[in-house]
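First residue of the sequence shown: 0, per numbering that gives the first Met the number 0; consecutive thereafter.
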Amino acid sequence: MNVPARKVVGRFRLPTNVQPTYDGKYTKHFWRFRARIDVFGTDPDTGWQALRVLSA
């Protein structure tokens, strides 16, 4: 069964005091998210997606 792909758009808010993304010589700080949709049959999963957080 070949089902065409669908795009789902959403929004979420991070608190204003979160640490920004950082990639330094000895350490790194990064954010990731994963989305799932609960449907009959196989549940689609995005896997982990990187999210770059910039300082305000």
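All residues carry an ideal CB built from backbone N, CA and C; glycine is no exception.
So, with DSSP's three-state summary, where would you put residue i?
| i | result |
| --- | --- |
| Ala49 | strand |
| Asp44 | strand |
| Met22 | It should be pointed out that residue 22 corresponds to Asp in this sequence rather than to Met. If DSSP states are grouped into helix, strand and coil, Asp22 belongs with the strands. |
| Arg35 | strand |
| Lys6 | coil |
Quick check: what's the CA-CA separation for residue i versus residue j?
| i | j | result |
| --- | --- | --- |
| Asp44 | Arg5 | 12 Å |
| Gly40 | Thr26 | 41 Å |
| Arg10 | Asp22 | 25 Å |
| Val38 | Pro3 | 15 Å |
Which residues mark the beginning and the end of the beta strand (DSSP E) in which residue i is found?
| i | result |
| --- | --- |
| Phe32 | 30-32 |
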